[in-house]
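Peer 1: Quick note, the sequence shown lines up with residues 2 to 104 if you use my numbering.
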Amino acid sequence: MGDKDQFSLVEFLSYTKDLGYTNVKGFYCEDDNELVQVTSDNQLLEFVKDLIDGDELYVYVVHEIDELEEFPAPVLLPWSGPVDESVGINTEGIMENDSDLNE
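#1: Going by beta carbon distance, what residues of the same chain come within less than 8 Å of Gln38, once the five residues before and after it are set aside?
#2: Give me, in chain order, the residues of the same chain whose beta-carbon lies closer than 7 Å to that of Leu58; leave out the 5 immediate sequence neighbours on both sides.
#3: In terms of residue numbering, what span does the beta strand (DSSP E) encompassing Val25 cover?
#4: Where does the unbroken beta strand (DSSP E) through Glu35 begin, and where does it stop?
#5: Less than 6 Å between C-beta atoms, sequence neighbours within five positions excluded: which residues of the same chain meet that for Thr17?
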């Protein structure tokens, strides 16, 4: 990032858009192990004013998901057998343990 005296919420919005976050709802910074919403450039400058070269500022971004991705529901397979063996399914859809598959 750039010079800490040039930090602004508009600049942070630009960074987040570059990272693909287009629907930003707010920025948060840590203050004494609490997250505090940054609502103005003056408040942001208060967070960075005492930073020196090599210090880090963690900024958290709250955003909405632009497009909901749907994933198929997981398929649960029946299980019966010892925990120390793994199970595979052959081409007929029958479960076999590794000892059978590797012989």
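All residues carry an ideal CB built from backbone N, CA and C; glycine is no exception.
Peer 2: Quick look at the numbers:
#1: Here residue 38 refers to the residue found at position 37 when the sequence shown is read from its first residue. Only Gly27, Phe28 and Tyr29 meet the Cβ criterion.
#2: For the purposes of this step, residue 58 is identified with residue 57 of the sequence shown, where counting begins at 1. Cys30, Phe48, Val49 and Leu52.
#3: Along the sequence shown, one-based indexing puts residue 25 at 24. Here the beta strand (DSSP E) through Val25 covers Val25 to Asp32.
#4: As a working note, residue 35 is residue 34 in the sequence shown. Counting along the chain, the beta strand (DSSP E) containing Glu35 begins and ends at Glu35 to Val39.
#5: In the sequence shown, counting from the first residue as 1, residue 17 sits at position 16. The answer, listed in chain order, is Val25 and Val62.
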